[in-house]
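Reviewing the structure listed below.
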Ligand code: SF4
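Residue numbers (the working numbering): 1 to 386.
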């Protein structure tokens, strides 16, 4: 097995929709990011805290923490990983009430290769008990809210855990939980083992086979967001550049067309737009000729090379210190929360925080926020111009 599975569970949402993606992405290098390293450190703390609680050895977690701590540790990371530990321990204690020999497994390697070629992965926490098995995944990212509902990554982990432990325990149902504490997201979904197996037979295994062989179609959609070839994908480009060309009346859109044909495509088009410009520049910088385009020098910002010397010179020229320096400014709420931890910051500064109403935004019917009535609500206190 290599370090990365071609069909990784974390990318399953993508390759189940677009079975062409894994083979197209296979030759594109992973760009490591500071977010990924921050997530690795947070996961190490999660495992450490559970293992310490269970009185298990923590050498590997400590080694990982030592490597990344100086650069990525924050006060809020302590709070969020505590939240995860508390949730897992509560679930474990509840399982032990029903099954006294219930087991907690932390950072368990699972092999899914019987159903998904060459696939493997590591589950953050599994609780095995008679009746219900729990699979728990910690997400440190906060950009995309992740739901456990029929989440294919979680269902693949559930499958791997079921395969491994179903001989020793009578498992009838699997509960999948995503703990995403930075955005207060705790999402759970429960499924019977027979429903899980039906999904495996009808969807997972056939799609995995097609994706592994690389003979499936390219199907663009919101799952393109993290695809490594989104910036040069022909199917995605065609989808984004042909959206407005197929209407019966070519002159003006109806509200119906706007709602059903344009708005649902906006997320995909934004994904494509943000990536393709960077990609074209990278290509040009690496020597690829793009007919009709050239590289020019962009706008640059002047910089003071020695601020202290400049301040002295301005003082000597008669300008007061209060005129040449900006007033002291508090860091942003996000930065302060990161420093102090969200709960701690709320305890210290909660009375000084005001959250104004957000400006009206279009969202699909499925969005959980309540709808604003534009007739009854005069949008008082809402800034419409930002
Ligand atoms: S960008 Fe989208 S359509 Fe293209 S290969 Fe990736 S997932 Fe498939």
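Positions of the beta carbon are idealized from the N, C-alpha and C atoms, including for glycine.
Quick caveat, the model's predicted, so the values are computed rather than measured.
Neighbour-count burial assignment, residue 239, 16 or more Cβ in a 10 Å radius: Its Cβ being crowded by 16 or more others within 10 Å, residue 239 is buried.
For residue 302, three-class secondary structure by DSSP: Coil at residue 302, not helix or strand.
Range covered by the alpha helix (DSSP H) that runs through residue 189: Taken as a continuous stretch (DSSP letters only), residue 189 belongs to no alpha helix (DSSP H), being part of the beta strand (DSSP E) at 185-192.
Boundaries (first-last residue) of the beta strand (DSSP E) holding residue 179: Run containing residue 179: 171-180, per the beta strand (DSSP E) assignment.
Residues bridged to residue 120 [DSSP beta-bridge criterion]: Looking at the DSSP assignment, residue 120 forms a beta bridge with 111.
Buried versus exposed, by CB contacts within 10 Å (16 or more), residue 56: Exposed, since its Cβ has fewer than 16 Cβ neighbours within 10 Å.
Residues near residue 170 by beta carbon distance below 6 Å, same chain, minus five either side: 130.
For residue 59, the three-state DSSP class (helix, strand or coil): DSSP places residue 59 in helix when its eight states are reduced to three.
The stretch 180-196 in contact with the stretch 142-151 per 3-pair CB rule at 8 Å: With the cut-off at 8 Å, the stretch 180-196 and the stretch 142-151 touch.
Residue 67 beta carbon near the ligand SF4 (any heavy atom closer than 7 Å): No, since every heavy atom of the ligand SF4 falls outside the 7 Å radius drawn around the Cβ of residue 67.
Near the ligand SF4: residue 218 beta-carbon under 7 Å from a heavy atom: At least one heavy atom of the ligand SF4 is nearer than 7 Å to the Cβ of residue 218, so yes.
Sequence-distant residues of its chain with Cβ nearer than 7 Å to residue 319 (five each side left out): The same chain holds no residue with a CB closer than 7 Å to that of residue 319 once the five nearest residues on each side in sequence are set aside.
Closer than 8 Å to chain D by CB, residue 130: No chain D is part of this structure, which consists of one protein chain only.
Reference residue 311, options 200, 303, 325, closest by Cα: Nearest of 200, 303, 325 to residue 311, Cα basis: 325.
N-terminal and C-terminal residue of the beta strand (DSSP E) that residue 135 is part of: Unbroken beta strand (DSSP E) run through residue 135: 131-138.
8 Å contact criterion, which residue 341 and residue 76 should meet: CB distance rounded: That pair is a contact at about 5 Å.
Length of the line joining the Cα atoms of residue 156 and residue 308: Their backbone Cα atoms lie some 58 Å apart in a straight line.
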